[in-house]
Amino acid sequence: MSLLIAMTQWHLESWRERFRRHLPGMEIVALGEPFDRRSVRFAASWKHPEGALTGLPGLEAIFSLGAGVDHIFNDGRLPEGVPIARVVDPDLTARMSEYVVLHCLMALRQQRRYDRQQREGRWEDDRDQPAARDVRVGILGAGVLARDAAAKLGALGFAVACWSRSGREVAGAEGFAAAEGLGPFLARTDILVNLLPATPETDGFMNRKVLEGLARDGRLGGPHIINAGRGATQDEADILACLEDGTIRHATLDVFRTEPLPADSPFWSHPNVTVTPHNAAMSDPETICALIARQIGRLETGEGLENLVERGRGY
Ligand code: NDP
Ligand code: OXD
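If you're matching positions, the sequence shown starts at 376 in the numbering used here and goes up one per residue.
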């Protein structure tokens with residue numbers, strides 16, 4: 376019985392060592408080395424190469440090593456019928472909320488302006504500092520991450536709303552659903568936070584049309600956007616053009632269509648763009664291995680997997 380580590384990018388041997396500790400008795404094998412394909416029961420994936428999970432007749436579950444699963448669905452030869460589970464972890468969730476709260480506060484408290492003034496040696500305060508309650512944050516998504524961020528922003532006083540496919544209720548936030556809810560949601564939003572997954576439906580979602588729908592009467596001198604979901608959900612040419620013509624005032628981007636962000640990307644040097652290297656919410660590898668070991672334990676005892684992904688929806 377073995378678990379296959381099917382990943383690119385990360386350091387294989389440290390993951391193997393962790394899985395060995397959390398799953399004593401399980402053989403841990405990896406792509407790129409000879410292994411018995413018939414004995415693989417579980418796969419742990421992060422951006423595995425296309426087709427890497429085919430020809431594994433005993434495969435019972437695929438575990439994403441992250442919260443997102445777009446990297447798994449990018450594989451056009453994914454074996455059918457095998458359940459896919461993702462990471463839902465309070466530590467990761469808390470880190471994402473830190474990121475969202477940090478960047479909403481940066482906008483609210485005009486921190487970039489004061490940084491600039493400090494560099495220029497200028498003492499100039501703003502007597503028109505809005506309160507958090509004067510600023511409307513709109514979160515795209517009402518899932519695990521959006522709900523926690525909404526609660527923490529709400530505790531600071533921000534006026535929070537969430538928009539999602541189903542319009543599911545989020546405590547302390549106004550709810551908007553589907554295509555009909557999008558216009559009113561955008562029209563009441565000063566800071567747009569994207570926490571949508573990358574799916575065929577959300578591809579390029581943050582485009583000019585959406586950005587033009589944001590509130591024009593806010594207290595921040597123009598709309599701000601924060602994307603900590605996935606780069607595929609943003610239209611990067613539209614974002615740049617909207618920054619140029621003032622449709623949006625500032626973009627904080629943790630994720631990009633091409634990562635690492637190419638050296639010649641105009642985002643690097645744009646004065647109204649904040650770039651972070653896809654680390655809004657790092658997953659703790661130790662926690663993830665423990666989570667997968669627990670999931671395998673649940674399968675062995677017949678309890679079934681948690682945090683399953685719906686293939687039809689892509690998240
Ligand atoms: P969830 O699956 O819990 O939530 C996804 C939310 O998106 C749901 O509310 C869902 O609506 C909504 N949604 C999906 N598709 C659509 C659509 N077409 N239209 C409207 N709403 C839609 O995911 P999480 O909150 O756990 O994570 C969100 C994403 O964050 C991950 O998929 C990942 O890509 C990204 N992420 C980024 C990290 C980083 O470091 N930058 C770290 C971790 C995650 P409904 O509720 O109706 O189903
Ligand atoms: C994730 C990520 O999906 O780090 O967990 O982006």
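Ideal placement from N, C-alpha and C gives every residue a C-beta, glycine not left out.
Taking all protein chains shown into account, decide if residue i is buried (16 or more other Cβ within 10 angstroms of its Cβ) or exposed.
i, result
"Arg488", "exposed"
"His386", "exposed"
"Pro572", "buried"
"Thr468", "buried"
"Ser644", "exposed"
"Asp450", "buried"
"Pro637", "exposed"
"Asn602", "buried"
"Gln609", "buried"
"Met471", "buried"
"Gly433", "exposed"
Closer than 7 Å by C-beta to residue i: which residues in its own chain qualify, once you throw out the five before and the five after it? Chain order, please.
i, result
"His397", "Cys664, Ala665, Ala668"
"Met401", "Met376, Ser377, Leu378"
"Tyr690", "Val444, Pro572, Thr574, Val684"
"Val519", "Val463, Thr468"
"Ala482", "Ile566, Leu595, His599, His625"
For residue i and residue j, I'd like the C-alpha separation in whole angstroms.
i, j, result
"Val462", "Gln670", "10 Å"
"Ser541", "Leu428", "32 Å"
"Gly430", "Ser420", "16 Å"
"Phe417", "Pro575", "26 Å"
"Trp538", "Pro409", "47 Å"
"Ser389", "Phe560", "44 Å"
"Asp629", "Phe448", "21 Å"
"Ser707", "Arg522", "Outside the shown range of the chain (376 to 690) lies residue 707, about which nothing can therefore be said."
"Pro454", "Gly407", "19 Å"
"Glu392", "Leu570", "32 Å"
"Val648", "Glu587", "18 Å"
"Thr662", "Val415", "22 Å"
"Phe642", "Gln486", "19 Å"
"Asp500", "His478", "20 Å"
"His625", "Leu528", "19 Å"
"Asp411", "Val404", "9 Å"
"Ala554", "Glu611", "22 Å"
"Leu446", "Gly558", "For clarity, residue 446 is His in the given sequence; the question names Leu instead. Going by the C-alpha atoms only, they are around 30 Å apart."
"Val585", "Met382", "35 Å"
"Asn682", "Arg497", "51 Å"
"Glu495", "Pro399", "59 Å"
"Arg413", "Gly513", "48 Å"
"Pro458", "Leu680", "8 Å"
"Pro646", "Arg508", "27 Å"
"Ile623", "Cys617", "6 Å"
"Arg688", "Gly456", "15 Å"
"Phe580", "Gln504", "32 Å"
For a test of the three-state rule: what should DSSP assign to residue i, helix, strand or coil?
i, result
"Met481", "helix"
"Glu576", "coil"
"Ser420", "strand"
"Val463", "coil"
"Thr383", "coil"
"Leu378", "strand"
"Leu618", "helix"
"Glu544", "coil"
"Ile671", "helix"
"Ala626", "strand"
"Trp390", "helix"
"Val684", "coil"
"Phe551", "strand"
"Thr649", "strand"
"Phe560", "helix"
"Val444", "coil"
"Met401", "coil"
"Gly451", "coil"
"Arg413", "helix"
"Gln504", "coil"
"Leu515", "strand"
"Val535", "strand"
"Val568", "strand"
"Ser472", "helix"
"Ala590", "coil"
Going by beta carbon distance, what residues of the same chain come within less than 6 Å of residue i, once the five residues before and after it are set aside?
i, result
"Asp704", "Here the chain covers residues 376 to 690 and nothing more, so residue 704 does not appear."
"Phe631", "Gly606"
"Glu435", "Arg416"
"Ala548", "Ala525, Val535, Ala536, Cys537"
By Cβ distance, which residues of its chain are closer than 8 Å to residue i, with the 5 residues on each side in sequence left out?
i, result
"Val476", "Ala524, Lys527, Leu528, Leu531"
"Ala442", "Arg461, Val462, Val463, Asp464, Leu467, Val519, Leu520, Ala656, Ser658"
**Item:** Contact set, ligand 2 heavy atom to C-beta under 7 Å
**Value:** Gly441, Ala442, Gly443, Val462, Leu467, His653, Ala656, Met657, Ser658
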